[in-house]
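Take the sequence shown: its letters are residues 202 to 384, numbered as in the working numbering. A short write-up of the structure that comes next.
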Amino acid sequence: MTCKLDHNEHCSVNGLWSLWYPWASCSVTCGVGDHYRLRTCTHPRPQHGGSYCEGEAEEREACQQGTCVVDGSWGSWYPWSPCSVSCGVGEIVRARTCTNPRPQNGDSYCTGISEERRTCSMFACAGTIVGHTNPPATTTMPTVPTTTLNPALVAFCAASPRPNCSTDLDSICASDTSFYVNK
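Take a look at the structure:
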């Protein structure tokens, strides 16, 4: 448009949008994100009181970048279970799960163990042979030193049962005799 004014006056020029610039990269590398493109009010720029371009200078839209794969990771260990037995030797167990986060879309499961087990020892069971004062050669029971026994647990000797045996089993129980627990 040609504008002709007298006395060095300038014609007003309304701004017009440039072409859109190319779309920017998606905001995510997997999954759904967004991207944008821009244009400028420079073709021409508004001048001498002309109006600015109408509309938006930025355009946004969703973009999909494929499925996200997520490696699995272990959650915290759960507390140890109670001992599996009320007397004697048992086992305690604790576990954890591969849920922090769960593996997704074909990615790898957690590495390592999901469960730990340990031995637990409770008091010896009543009536259980816990050792020998002098085991015969045919037994597989290990010799238990009398000093390691809890005196409150020793009830009687197999050869000569007596309530409340003393802890000196060698002098009370006959040779090659088993001792038992009363509690």
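We put the beta carbon where it would ideally sit given N, CA and C, even for glycine. None of these values were measured; they are calculated from a predicted model.
Among residues of its own chain, excluding the 5 on either side of residue i, which ones have a beta-carbon nearer than 8 angstroms to its beta-carbon?
i             : result
tyrosine 222  : Arg238, Leu239, Arg240
valine 271    : Pro302, Arg303, Pro304, Gln305, Asn306, Asp308
histidine 249 : His211, Cys212, Ser213, Val214
Report all residues from its chain with a CB closer than 7 angstroms to the CB of residue i; omit the five preceding and five following residues, and keep chain order.
i             : result
threonine 300 : Gly276
arginine 246  : Gly216
glycine 251   : Ser213, Val214, Asn215, Gly216
Are the beta-carbon atoms belonging to residue i and residue j less than 9 angstroms from one another?
i              : j              : result
serine 219     : histidine 244  : yes
isoleucine 293 : tryptophan 281 : yes
glycine 216    : cysteine 254   : yes
tyrosine 172   : glycine 273    : Coverage of the chain is limited to positions 202 through 384, which leaves residue 172 absent and any answer about it impossible.
Using 8 angstroms for Cβ pairs, my map puts residue i next to residue j. What's the rounded Cβ distance?
i            : j            : result
cysteine 326 : cysteine 288 : 4 angstroms
Identify, in the order they occur along the chain, each residue of the same chain with its Cβ nearer than 6 angstroms to the Cβ of residue i, setting aside the five sequence neighbours on each side.
i            : result
cysteine 269 : Cys231, Gly232
cysteine 284 : Gly291, Ile293, Cys321, Met323
proline 346  : Confidence at proline 346 is low in this model, with a pLDDT of 44, below 50, so its placement is unreliable and no value can be given for it.
arginine 295 : Trp278, Tyr279, Trp281, Glu317
Relative to the alpha-carbon of residue i, which residue among the options has its alpha-carbon at the smallest distance?
i             : options                : result
glutamate 259 : Ala225, Val290, Gly251 : Ala225
glycine 313   : Arg297, Phe324, Asn215 : Arg297
serine 228    : Glu262, Glu317, Cys242 : Glu262
valine 286    : Gly251, Ser252, Arg319 : Arg319
Jot down the residue ranges of each uninterrupted alpha helix (DSSP H) in the segment 232-261, minimum 4 residues, whole runs only, in chain order. Listed in chain order, there is nothing to give.
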